[in-house]
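Here is the structure we will look at, set down as structure tokens.
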Amino acid sequence: MRSMNYMPEIHIQLCSEDQKKEKIPDEKLEFGKKFTDHMFLMKYKDGKWGTPKIMPYQNFSLDPAAMVLHYGQEIFEGMKAYINQKTDSVYIFRPHENAKEIEKILSKLKDDLMEIGVVGSILHDISQVCQQLRKTRDEDLPMKSDILESSYEWQEKILK
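Here's what the structure looks like:
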């Protein structure tokens with residue numbers, strides 16, 4: 001499979017002040033319970049990727065004939081990110097594992113995505129998206145005074 005850095009410029013639409021969610025103290029955060037004010041979306045249609053977008057978190061509609069509803073063909077990988085107060089760097093928890101999981105699922109699906117080399121560039125693209133997401137609202141990311149603590153010893157620094 002060839003590696004492709006196909007990610008075009010990301011279109012960013014920031015949410016308004018009244019759309020922003022209440023900030024939850026870091027010590028009360030629970031995995032999978034709090035989501036950022038923004039989300040990443042890039043549609044795949046007719047064998048082509050559309051414009052990558054960072055936009056306000058919102059519901060989106062699906063065609064009733066969408067393959068995800070009929071055949072369960074979908075991939076969702078969530079990630080944890082933290083800001084290290086000492087270095088002002090963003091750390092993501094296990095991005096390589098997320099990429100491996102996506103690759104494993106795609107190889108089982110034998111989807112068209114495998115043929116266009118999505119997996120080969122996924123870490124590069126994740127990094128680009130995370131850099132752009134950070135511009136939306138830093139306070140969405142929890143602060144850690146010592147990033148190498150407890151189970152987060154394997155986090156990777158990807159942004160500065």
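In full-length UniProt numbering, the protein residues as written are 1 to 160.
For glycine and all other residues, C-beta sits at the position ideal for the given N, C-alpha and C.
query, result
"At least three beta-carbon pairs within less than 8 Å, the region 53-61 to the region 12-31", "yes"
"Nearest-angstrom Cβ-Cβ length linking residue 102 and residue 52, presumed shorter than 8 Å", "That belief does not hold up - the Cβ atoms of residue 102 and residue 52 are roughly 16 Å apart, past 8 Å."
"Backbone secondary structure at residue 62 - three-state DSSP", "coil"
"Residue 56 in three-state terms, based on DSSP", "strand"
"Collapsed DSSP secondary structure at residue 41 in the structure displayed", "strand"
"Reduced DSSP category for residue 80 - H, G, I as helix; E, B as strand; rest coil", "coil"
"Spatial distance of residue 8 from residue 50 (CA atoms)", "9 Å"
"For residue 89: DSSP bridge partner residues", "84"
"Residue 73 versus residue 63: straight-line alpha-carbon distance, rounded", "14 Å"
"Sheet register partners of residue 11 (DSSP bridge)", "53"
"As assigned by DSSP and simplified to three states, the class of residue 100", "helix"
"Any chain D beta carbon closer than 7 Å to residue 18", "Protein chain content of the structure displayed is limited to a single chain, and chain D is not contained in it."
"C-alpha gap between residue 78 and residue 45, whole angstroms", "23 Å"
"Residues that residue 48 bridges to, as DSSP identifies them", "45"
"Spatial distance of residue 75 from residue 18 (CA atoms)", "31 Å"
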